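Under my numbering, think of the first position of the sequence shown as 430, with each following residue one higher.
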Amino acid sequence: MARPLVHVVFPFITLAGLYAVSNLMMNSGHAQMFTDKRASAAPLLLDNETPLLTFYTGVPPLDSYLSNLQFSIIPTVDGSFPALSLLGWHWTGLLLAVFTVMLVESLRTRRARDLISFALWGLAIQYAGYFIIMPLYCYVSLLSQPPRSHSRLPTMTAFQAVPVSVLIGFAIPSAIMCLPSKYLSGQSRQIAVAVWQNFPAWMALVQVITMFLIRANPARKTKEHKAKDDELGRNTSALRNLYKVTAIVSALIHVLGLIPIVSAAIGKLEPSGSSPYAQLRPATFFLPQRWDSETQISGMAEGAFNFLRYDYYIGTAAAFAWIAFLQPVRQGKGDTWLAGREATWNIALTFLFGPGFTIASLMERRLDYGLSI
Numbered sequence: 430m431a432r433p434l435v436h437v438v439f440p441f442i443t444l445a446g447l448y449a450v451s452n453l454m455m456n457s458g459h460a461q462m463f464t465d466k467r468a469s470a471a472p473l474l475l476d477n478e479t480p481l482l483t484f485y486t487g488v489p490p491l492d493s494y495l496s497n498l499q500f501s502i503i504p505t506v507d508g509s510f511p512a513l514s515l516l517g518w519h520w521t522g523l524l525l526a527v528f529t530v531m532l533v534e535s536l537r538t539r540r541a542r543d544l545i546s547f548a549l550w551g552l553a554i555q556y557a558g559y560f561i562i563m564p565l566y567c568y569v570s571l572l573s574q575p576p577r578s579h580s581r582l583p584t585m586t587a588f589q590a591v592p593v594s595v596l597i598g599f600a601i602p603s604a605i606m607c608l609p610s611k612y613l614s615g616q617s618r619q620i621a622v623a624v625w626q627n628f629p630a631w632m633a634l635v636q637v638i639t640m641f642l643i644r645a646n647p648a649r650k651t652k653e654h655k656a657k658d659d660e661l662g663r664n665t666s667a668l669r670n671l672y673k674v675t676a677i678v679s680a681l682i683h684v685l686g687l688i689p690i691v692s693a694a695i696g697k698l699e700p701s702g703s704s705p706y707a708q709l710r711p712a713t714f715f716l717p718q719r720w721d722s723e724t725q726i727s728g729m730a731e732g733a734f735n736f737l738r739y740d741y742y743i744g745t746a747a748a749f750a751w752i753a754f755l756q757p758v759r760q761g762k763g764d765t766w767l768a769g770r771e772a773t774w775n776i777a778l779t780f781l782f783g784p785g786f787t788i789a790s791l792m793e794r795r796l797d798y799g800l801s802i
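As structure tokens, this is what we get:
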């Protein structure tokens with residue numbers, strides 16, 4: 430793909446996403462529902478029993494955002510809306526891959542301050558929307574960090590800290606907010622959601638602490654000094670293994686998430702149109718309401734279900750475009766045919782194993798061309 434297209438593709442994705450999502454929110458009545466819910470003197474969550482927390486940080490705009498967030502995330506994690514919960518499961522596999530790639534990208538410069546950049550971009554995705562910020566992140570990344578040699582790979586210490594960062598910073602907060610009600614009250618779940626919302630910051634913080642602890646180990650210093658001559662090979666192998674593990678875990682999450690959808694498609698789940706499992710049928714689950722449709726949603730959970738699918742698809746389209754621009758440019762006729770065949774294959778893999786798998790796999794494959802991310 431010609432590099433000038435970078436200046437067209439990512440702004441277009443961002444603007445198209447803003448247009449589609451804003452129209453969806455207005456036309457479906459989702460935006461009005463937010464207004465009505467917050468207008469109550471004592472707003473309740475969607476169960477009409479649990480009071481909505483309105484104080485988290487003492488900063489009014491931030492507290493208001495976190496309160497509004499509960500209307501979308503709580504029905505995703507408490508199991509009250511099966512289709513939305515399943516979508517949240519698919520989101521987990523995607524976020525695992527995307528944020529692992531972003532974290533490695535920030536570590537590539539070997540400057541600790543770039544972890545601040547990772548945290549800020551991640552928080553922007555969480556607060557402004559994946560569909561808005563991911564295209565901007567990809568655009569800025571391509572303009573500011575052109576492909577470099579393997580010498581710019583992260584250090585072995587950084588690679589060893591990444592799994593810890595993902596586990597403690599992302600996976601554990603995600604698991605906590607999904608605990609059953611007998612372990613987590615309605616009020617506690619709202620706090621857990623607010624904590625999870627900032628997981629990019631926790632990942633960056635854990636990465637810094639873990640790297641410091643690894644470097645402080647005297648035995649580790651001796652081992653690294655002896656193996657310094659083979660640093661490039663070790664780091665390349667470590668990055669390859671990291672992406673392979675990320676791809677496998679993301680694929681497992683996606684495949685497990687396909688089981689209820691396939692079960693609904695073949696009639697193994699309740700076939701009734703009024704059943705909560707009716708929305709697990711493939712066409713219903715994967716295709717959200719059109720942004721120009723004036724069909725009114727039945728509730729906040731349905732609105733979140735529509736929004737999160739647009740968010741998922743638009744942001745992931747930007748991630749795929751980013752990776753496409755990172756691939757080596759093919760010039761010949763045969764190369765063009767090969768690129769088309771690879772694109773078709775990658776689309777098939779995305780349907781089977783999820784976009785997180787494809788993103789991590791393509792990043793790992795770049796190492797075969799002698800390119801870093």
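Cβ coordinates follow ideal geometry from the N, Cα and C atoms, glycine included.
Note that the structure is predicted; figures quoted are calculated from it, not measured.
**Prompt:** Per DSSP, which one or two residues make a beta bridge with residue 473?
**Reply:** As computed with DSSP, residue 473 is found in a beta bridge with 480.
Cα-Cα separation between residue 734 and residue 563, rounded to whole angstroms: About 20 Å.
If you follow the alpha helix (DSSP H) that residue 723 is part of, which residue opens it and which one closes it? Where residue 723 is concerned, there is no enclosing alpha helix (DSSP H), because DSSP gives it neither an H nor an E.
Residue from 550, 568 and 479 with nearest C-alpha to residue 435 = Distance from the Cα of residue 435 is smallest, within the candidate group 550, 568 and 479, for 568.
Discussion item. Just verifying my parser: in three-state terms, what is the DSSP assignment at residue 579?
Written reply: In this predicted model, residue 579 has a pLDDT of only 41, less than 50, meaning its place in the structure is not dependable; the value taken from the coordinates is given anyway. In this structure, residue 579 counts as helix in the three-state DSSP scheme.
7 Å Cβ shell around residue 492 - same chain, five flanking residues per side excluded:
Excluding residues within five positions, the ones whose Cβ falls inside 7 Å are 483, 484, 485 and 486.
- Query: If we call anything under 7 Å between Cβ atoms a contact, is residue 776 one with residue 748?
  - Reply: Contact: no.
So, at 7 Å on beta carbons, what are the nonlocal neighbours of residue 607 in its own chain, with the 5 sequence-adjacent residues on each side left out? Setting aside the 5 residues that flank it on each side, residue 607 is surrounded in the same chain by 506, each with a C-beta closer than 7 Å to its C-beta; the list follows chain order.
*Do you know offhand how far residue 632's Cα is from residue 683's?*
If you take the alpha carbons of residue 632 and residue 683, they lie about 22 Å apart.
Which same chain residues, not among the five before or five after residue 566, have their C-beta less than 7 Å away from its C-beta?
550, listed in sequence order.
*Which same chain residues, not among the five before or five after residue 580, have their C-beta less than 8 Å away from its C-beta?*
Because residue 580 sits at a pLDDT of 44, beneath the cut-off of 50, its placement in the model cannot be relied upon, and the point is left open.
Practice task
Assuming residue 737 contacts residue 518 (C-beta within less than 8 Å), just tell me the rounded distance between them.
Solution key: About 12 Å separates the beta carbons of residue 737 and residue 518, which is beyond the 8 Å limit, so they are not a contact pair.
(Q) Can you give me the C-alpha to C-alpha distance between residue 597 and residue 694, rounded to a whole angstrom? (A) Here the C-alpha atom of residue 597 lies approximately 36 Å from the C-alpha atom of residue 694.
Rounded distance between the beta-carbons of residue 523 and residue 784, thought under 8 Å: Rounded, the Cβ-Cβ distance is 6 Å, consistent with contact.
Query raised in the report: How is residue 440 classed by DSSP in three states: helix, strand or coil?
Result: Look at residue 440 here: in three-state DSSP terms it is helix.
Problem - Under the three-state DSSP convention, the category residue 775 falls into - result: Looking at residue 775 - three-state DSSP - the assignment turns out to be helix.
Could you tell me which of 556, 560 and 793 sits nearest to residue 451, measuring between CA atoms?
Of 556, 560 and 793, the residue nearest in Cα terms is 560.
Review point. What's the call for residue 793, buried or exposed, on a 16-neighbour Cβ count within 10 Å?
Key: With 16 or more Cβ atoms within 10 Å of its Cβ, residue 793 is classed as buried.
contact_flag[the segment 659–678, the segment 603–617] where n(CB pairs < 8 Å) is 3 or more: The segment 659–678 vs the segment 603–617: no contact.
Practice item. Buried or exposed for residue 572, please, with buried defined as at least 16 other CB atoms from any protein chain shown within 10 angstroms of its CB. Key: With fewer than 16 Cβ atoms within 10 Å of its Cβ, residue 572 is classed as exposed.
I'd like to check one pair, residue 717 with residue 739: are the Cβ atoms closer than 7 Å?
Cβ atoms of residue 739 and residue 717: closer than 7 Å.
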